[in-house]
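Residue numbers (the working numbering), protein chains in the order written: chain A, 3 to 251; chain B, 573 to 1012.
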């Protein structure tokens, strides 16, 4: 594959969606910087992408909860990438989150605090340069809180709102901010769950959509991977709260 | 659980191995297990006696050495992924089976052969090194120079020596992704065997055999001979078509066909038509996309549902050159008279195999599909007697029903294989339904 002189920063490289996304960019000739919590696992993904595509790939270790390291880390990624994608997420267990503050806090910090602060830092650097694309992976679970997963959903709602604000702030600064809502995806996170096939995407499908919207020919700011989610979530959002609160979704 | 043929079915606990670092611990924790890749062996080879360890997540490529065209991958990497990555860079796997939806671990365990076996041998011959997780959980590196007995037992060893964590093998350079195909038409079996022998110096050669025709046209075939096309062969194509991607349009059989859909009349009519169409264009060479040439059935996902809910058996044997004509004649006559065999029947030449339990042996291999039905088992038992008498054997990756006697008669290196199992502790640890059935 011919290098095209552009670079992707992929945070959450050992997740199924992260890996698939990095591969799509690498196949398109991008240089790739992979970031994940455990070095040896990130290195495994880096070796895989290098072998498959011949792209230039670097591996970095960073915990998304370790916000004190963020600025130092970003100074090691040089030059500044053209696009940054953060796919970090942790579903957690709702029932456990209701019992244990620690667990609930971990879910909130992993899905909201870490990704939002990291993308915020990157956005400011992109704005100073005057170009760049920020991609955050949020969730349909953040569109409306449901009894079955509202701790995760609330964190994702926070991320959605953060990205919305970032987009608004930077709309004239040459920086694009995208919010991707994948819907159900067949990954480690959803392993063993019964998922409706029409609503469920493969990681590669999410990856291709991310690339198409962020760096391909498709436009968009807030994007559901499968189009069926647009009407579905419009309906779910429009149900009046007195009725919604009695539903078991 | 079931194999690709959907017969037989067995209960087994299933465990998913997600990361290479957990493989050793998982393997050593329980006895009676077997590794499973993409589940494309036909019978009971990838169903554990107690536990089936699915290894599809061990799907990362490790490194590619351009100097030697040598690729190292984890055992769960799919052949389809290798084709996708390496055809555009001018490399092709040294040996491919009839489907690209197999893992490298599975290709090693079955020591798969392709249409070039007569020239290039099986996949195992191109494997230089295997990292194998053995009974105790240790990772043992084996090759022809190091732990060579374990290496040779693992090629074609049906996973019964351990779990393939990583493997290194060489790719072959290609200059296009196209195959120049010529078709040779033969009118009877003697003709077919002779023509197959005459195409021995072709890179790829395989015969589709009409296994319902009888009498004077018993064994009539279309022999497809192929060579990798050179750039001058595709000079009239646009440059972008030099290395075409995998054929994307995929049909999937949405339902099981009723078991009766493939019957003597429908298959016979189809075979007749296929033979005539093939004969008509036999004279000239044609350019064929790599995906269509090597993996025609992959275009129809879940084609195993063609045979209905009860599933199907694939009978694949090899018989030595000496009495091939007589033996294959009586086998084909038996199949034709029974009217059970389906459209998918293939004949090709093999040479010897590398592994202790590798299927290939010098001679001719015949493979055909039969829907599962009560009277099919007896027919195949009778066919097996012919195979054994001729000094032949059956392919374990396809097998779901052969007897222990047929198996033991066909694999003279079985004792050496068992000895490797004993010395590495595999005999008390790795066990599939196939191994149990055949007393391996």
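Beta carbons: idealized from backbone N, C-alpha and C, even for Gly.
- Nearest Cα to residue 601(B) within the set 1010(B), 727(B), 1000(B), 970(B): 1000(B).
- Looking at the backbone, the Cα of residue 788(B) and that of residue 760(B) are separated by about 7 Å.
- Residue 59(A) and residue 634(B) have their alpha carbons spaced roughly 13 Å apart.
- At least 8 Å separates the CB of residue 217(A) from every CB of chain B.
- Taking a Cβ-Cβ threshold of 8 Å, the residues of chain B close to residue 55(A) are 657, in chain order.
- In the three-state reduction of the DSSP assignment, residue 659(B) falls in the coil class, being assigned neither a helical nor a strand state.
- If you check each beta-carbon in the stretch 598-611 of chain B against every beta-carbon of chain A, none falls closer than 8 Å.
- Within a 10 Å sphere around the beta-carbon of residue 7(A) sit fewer than 16 other beta-carbons, which makes this residue exposed.
- Here residue 158(A) is buried: its Cβ has 16 or more other Cβ atoms, across all protein chains shown, within 10 Å.
- When DSSP states are grouped into helix, strand and coil, residue 650(B) belongs to the strand group.
- In the three-state reduction of the DSSP assignment, residue 747(B) falls in the coil class.
- Counting along the chain, residue 861(B) sits inside the beta strand (DSSP E) bounded by residues 858-861.
- Judged by their CB atoms, residue 860(B) and residue 797(B) are not nearer to each other than the 8 Å cut-off.
- In this chain, the alpha helix (DSSP H) harbouring residue 764(B) covers 761-770.
- In the structure shown, residue 906(B) adopts helical secondary structure according to DSSP, grouped into three states.
- By the neighbour-count criterion, in which a residue is buried when 16 or more other Cβ atoms sit within 10 angstroms of its Cβ, residue 741(B) is buried.
- Looking at the backbone, the Cα of residue 698(B) and that of residue 25(A) are separated by about 28 Å.
- Straight across, the Cα-Cα distance linking residue 200(A) with residue 186(A) is about 9 Å.
- Leaving aside the five residues that flank residue 667(B) on each side, the residues in its chain whose CB is nearer than 7 Å to its CB run, in chain order, 684, 685, 686, 688, 692, 694, 695, 698.
- Looking at the DSSP output, residue 85(A) sits in a beta bridge with 10(A), 135(A).
- For residue 635(B), the uninterrupted beta strand (DSSP E) run begins and ends at 633-637, by DSSP.
- For the set 586(B), 958(B), 705(B), the Cα lying nearest the Cα of residue 647(B) is the one of 705(B).
- Between residue 68(A) and chain B, the shortest Cβ-Cβ separation is not below 8 Å.
- For residue 629(B), the closest of 737(B), 613(B), 880(B) by C-alpha to C-alpha distance is 737(B).
- The CB of residue 633(B) comes closer than 9 Å to the CB of 49, 50, 51, 52, 53, 54 in chain A, given here in chain order.
- Residue contact with chain A for residue 786(B): absent (no Cβ-Cβ distance below 8 Å to any residue of chain A).
- The beta carbon of residue 636(B) falls within 8 Å of a beta carbon belonging to chain A, placing the residue at that interface.
- Here the stretch 876-892 of chain B lies against the stretch 952-969 of chain B, with 3 or more beta-carbon pairs under 8 Å apart.
- No Cβ of chain B is located within less than 8 Å of the beta carbon of residue 211(A).
- Within its own chain, the residues whose Cβ lies closer than 7 Å to the Cβ of residue 588(B), once the five positions on either side in sequence are excluded, are 626, 629, listed in chain order.
- In the DSSP assignment, the residues bridged to residue 780(B) are 794(B), 918(B).
- Residues of the same chain with a CB within less than 6 Å of the CB of residue 33(A), apart from the 5 flanking positions on each side, are 9, 58 in chain order.
- Assignment of beta strand (DSSP E) within the stretch 162-249 of chain A, counting only whole runs of 3 or more residues, yields 177-183, 224-226 in chain order.
- Inclusion of residue 663(B) and residue 744(B) in the CB contact set at 8 Å is warranted, their separation being smaller than that value.
- Collapsing the DSSP output to three states places residue 702(B) in a strand.
- Listed in chain order, the non-local C-beta contacts of residue 854(B) below 6 Å within the same chain comprise 755, 757, local neighbours out to five positions each way being set aside.
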